[in-house]
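Notes follow the structure.
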Amino acid sequence: MTVQETKRSRYRYRMSLGDRIFDIVNYTLLCLLMVVTLYPFLNTVAVSFNDATDSLRGGIYLWPRVWTLENYKFVFENASIVQATWISVLRTVIGTVLTVFCSAMVAYTVSRPEYVLRKFVTIAFILTMYINGGLIPNYLLIRDLGMIGSFWVYIWPGLIGVFNLIVIRSFIENLPDNILESAKIDGAGEFRTFFSICLPLCTPVLATVALFTGVWQWNSWFDVFLYNSSHEHLSTLQYELQKTLQFSNASNRGVDFQAMQSRGATQVTPVAIRATMTIVASVPIIMVYPFLQKYFVKGMMVGGVKE
Amino acid sequence: MDNNLMYADASLSASPEPRGLKRFLRLLWKQRALVLMSVPFVIWLFVFRYVPLWGWTIAFQNFKPGKSFSEQQWIGFSHFEFLFGDERFLRVLRNTLVMSTINLVLGFLTAITLALLLNEVRHIVFKRVVQTVSYLPHFLSWVVAAGIIRAILDPDGVINELLLRLGLIDEKLLFLGVGEWFWGIYGVSIVWKDVGWNTIIYLAAITMIDPSLYEAAEIDGAGRFRKIWHITLPGIRPVITVLLIMNIGYLLESGFEPQYLLGNGLNMRYSENLDIFVLKYGIEQFNYSLSVAASIFKTVVSFVLLFAANNIAKRLGETRLY
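As they're listed, the protein sequences go chains U and E.
First residue of the first sequence: 1255, per this note's numbering; consecutive thereafter.
First residue of the second sequence: 148, per this note's numbering; consecutive thereafter.
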């Protein structure tokens, strides 16, 4: 009898009435959780595919009543939204590549036991977990560096995260010792060892860091608001969406609803556009995360509890 | 004899290996590749993380943006004194503490409960599906999440419709318009967003529990609840303790985005927290000094709390923050 079979027969034998009730309640609760988690999102999808004026009547649940692609057409024909999407993609790609590369490089140096500045560099980084200048000093720094109104304000300030650094360092430290050593004995310099031995070996952890950074970059809006809110061409998708959320109580900059109302035939409402932009802003993440879940979970484990 | 030996020793170790600064510089030169790979980033760190600390001086000045540093008027601690007498600041402090406590308690209870429930699921595929679905909101930005939450809480939203149909209310409610309800909405929102994600660490801890314990309990006739109560929960207690202690270090970090994105003029008295206070005074009203004073207060208290939490966790012989 295999282990599996033993287990199965044991369960069958042990299934009492109480167990069965527990299972039913448990499965019901978990199904309910899934409904509560997914429903708001699916509802937004339905609204985004429903005719905008028809949505005003309410009663859209899981399926559009008057099917239309007008909302998406409007969003993708709107120059400022398209531009913002480009900036979002750009900052995600450039930011992720640079962050992964630079974090790995620093992590490699502080993982070398013989490196004289190892302690100094490590402590300098870790201290910043506890203290930071805060909003205004950071803002003034960025202003004095002349980075307001520049794309690089999305990249440089968050270049290396201490969390990423620690995760990569502990991964390198757990590599078999002699791999990096033997490269050096064979005459490879530090750069060569880093590029051709360390980086390829670190692929799993670098994938994790890349995913966290990518999601973070894609989802960021606060730096846009803080530094580039008056530079329309550097706006991002999340920030454009954030602006539409403020419609009820603030002036509507960005998406010009007056102009689109006057276009005549097509009727688009803030509610419909908001729903559509919500979907556009989350689709990349929804497509990516289920397949890469295990990397996220791994990263969470390394960073969360290091025993 | 003895003296001679000592001299011999000293000269032996001194000649091939110079000490002090010289040795350090020599090593540094030898390791110049490593230096080249890390020092530029230390400079980056210094500029972006340490230089802003200089800005803390603003809190002790009557800061005027146009003037140079030497022209600023120094006024000592009066901004801090003003803060602690300010009704708005004290309210903001209360909101911060209440919401981070809600976050802590509710976050822990729901995540542990969900982890226990998931652990009892025997269909692996079903378990995977529930996990994948429950992680989803964690990856969505708060902008997206807030948009969705605002839509369902809208007077025309699904919650109002449901309550109307069930006959629980007579007229549509403006959920985000009632200040007293904000903390509840905040609690539900953060649970919705992160409960699945927060189970990961507990589920991992549960897999570390020795399976023979369950078998022994079964032989002794223990049912599902007793096994959960006497084996699973005690088994993950160390993880719970450490996370709890470490989270106390974040007591002034109640988050910024949910409050900012769900907040409005009507619920401001309950939604405004320290981070929003800092933002409003600094960026919107250009009162840099007051804003920096508030954020210094936050950083210093957080530092003390984190340091203490980290040490307590260490003393308990458990894991540390890093």
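All C-beta atoms, glycine included, are put in the ideal place defined by N, C-alpha and C.
Computed from a predicted structure; not experimentally measured.
Would residue i pass as a contact of residue j if the rule is Cβ separation under 8 Å?
{"i": "V305 (chain E)", "j": "N1297 (chain U)", "result": "yes"}
{"i": "Q1547 (chain U)", "j": "G1349 (chain U)", "result": "no"}
{"i": "V265 (chain E)", "j": "T346 (chain E)", "result": "In the sequence on display, residue 265 (chain E) carries Leu and not Val. Cβ atoms of L265 (chain E) and T346 (chain E): closer than 8 Å."}
{"i": "L452 (chain E)", "j": "G396 (chain E)", "result": "yes"}
{"i": "V277 (chain E)", "j": "W330 (chain E)", "result": "no"}
{"i": "T1462 (chain U)", "j": "Y1543 (chain U)", "result": "no"}
{"i": "G254 (chain E)", "j": "V338 (chain E)", "result": "yes"}
{"i": "T379 (chain E)", "j": "L237 (chain E)", "result": "no"}
{"i": "G324 (chain E)", "j": "L240 (chain E)", "result": "no"}
{"i": "T1291 (chain U)", "j": "I295 (chain E)", "result": "no"}
{"i": "E1444 (chain U)", "j": "L181 (chain E)", "result": "yes"}
{"i": "I205 (chain E)", "j": "S436 (chain E)", "result": "yes"}
{"i": "L409 (chain E)", "j": "I332 (chain E)", "result": "yes"}
{"i": "Y361 (chain E)", "j": "I259 (chain E)", "result": "no"}
By Cβ distance, which residues of its chain are closer than 7 Å to residue i, with the 5 residues on each side in sequence left out?
{"i": "T243 (chain E)", "result": "L399, S401, N420 and L421"}
{"i": "P1458 (chain U)", "result": "none"}
{"i": "Y1369 (chain U)", "result": "T1363"}
{"i": "H285 (chain E)", "result": "K340, D341, G343 and W344"}
{"i": "W221 (chain E)", "result": "F207 and Q208"}
{"i": "F1545 (chain U)", "result": "none"}
{"i": "A456 (chain E)", "result": "I392, M393, I395 and G396"}
{"i": "R1319 (chain U)", "result": "N1304 and D1308"}
Roughly how far, in whole angstroms, is the beta-carbon of residue i from the beta-carbon of residue j, given that I think they are within contact range, below 8 Å?
{"i": "G326 (chain E)", "j": "Y407 (chain E)", "result": "G326 (chain E) to Y407 (chain E), Cβ: 16 Å. No contact."}
{"i": "V1354 (chain U)", "j": "F1379 (chain U)", "result": "In fact, because the Cβ distance is near 16 Å, the residues do not count as touching under 8 Å."}
{"i": "M393 (chain E)", "j": "A460 (chain E)", "result": "6 Å"}
{"i": "A352 (chain E)", "j": "V389 (chain E)", "result": "Not a contact, Cβ separation roughly 10 Å."}
{"i": "C1456 (chain U)", "j": "L1434 (chain U)", "result": "Not quite, the Cβ-Cβ distance comes to about 11 Å (not below 8 Å), so this is no contact."}
{"i": "I1402 (chain U)", "j": "Y1481 (chain U)", "result": "5 Å"}
{"i": "T446 (chain E)", "j": "N1386 (chain U)", "result": "7 Å"}
{"i": "V198 (chain E)", "j": "L1395 (chain U)", "result": "6 Å"}
Taking 8 Å as the threshold (beta carbon to beta carbon), is residue i in contact with chain U?
{"i": "V280 (chain E)", "result": "yes"}
{"i": "M355 (chain E)", "result": "no"}
{"i": "I205 (chain E)", "result": "yes"}
{"i": "W339 (chain E)", "result": "yes"}
{"i": "F444 (chain E)", "result": "no"}
{"i": "D233 (chain E)", "result": "no"}
{"i": "Y435 (chain E)", "result": "yes"}
{"i": "R297 (chain E)", "result": "yes"}
{"i": "L174 (chain E)", "result": "yes"}
{"i": "D367 (chain E)", "result": "no"}
{"i": "Q219 (chain E)", "result": "no"}
{"i": "V268 (chain E)", "result": "yes"}
{"i": "D303 (chain E)", "result": "yes"}
{"i": "S438 (chain E)", "result": "yes"}
{"i": "M184 (chain E)", "result": "yes"}
{"i": "I347 (chain E)", "result": "yes"}
{"i": "S359 (chain E)", "result": "no"}
{"i": "G202 (chain E)", "result": "yes"}
{"i": "W376 (chain E)", "result": "no"}
{"i": "G326 (chain E)", "result": "no"}
{"i": "V239 (chain E)", "result": "no"}
Can a CB atom of chain E be found closer than 8 Å to the CB of residue i?
{"i": "L1488 (chain U)", "result": "no"}
{"i": "W1321 (chain U)", "result": "no"}
{"i": "W1410 (chain U)", "result": "yes"}
{"i": "C1356 (chain U)", "result": "yes"}
{"i": "Y1543 (chain U)", "result": "yes"}
{"i": "T1530 (chain U)", "result": "no"}
{"i": "I1390 (chain U)", "result": "yes"}
{"i": "P1294 (chain U)", "result": "yes"}
{"i": "R1274 (chain U)", "result": "no"}
{"i": "L1283 (chain U)", "result": "yes"}
{"i": "L1546 (chain U)", "result": "no"}
{"i": "V1551 (chain U)", "result": "yes"}
{"i": "S1536 (chain U)", "result": "yes"}
Going by DSSP, which residues form a beta bridge with residue i?
{"i": "Q220 (chain E)", "result": "E:N209"}
{"i": "W1321 (chain U)", "result": "U:N1304"}
Report all residues from its chain with a CB closer than 8 Å to the CB of residue i; omit the five preceding and five following residues, and keep chain order.
{"i": "I1414 (chain U)", "result": "T1353, C1356, S1357, V1360 and F1379"}
{"i": "M153 (chain E)", "result": "With a pLDDT of 44 at M153 (chain E), under the threshold of 50, the predicted position of this residue should be treated as unreliable, and no value is reported."}
{"i": "A1338 (chain U)", "result": "S1489, T1490, L1491, Y1493 and E1494"}
Ignore the nearest five residues each way along the sequence and tell me which others in residue i's own chain have a CB closer than 6 Å to its CB.
{"i": "G1468 (chain U)", "result": "T1346 and T1350"}
{"i": "K319 (chain E)", "result": "P302 and N307"}
{"i": "V448 (chain E)", "result": "L399"}
{"i": "L251 (chain E)", "result": "N394"}
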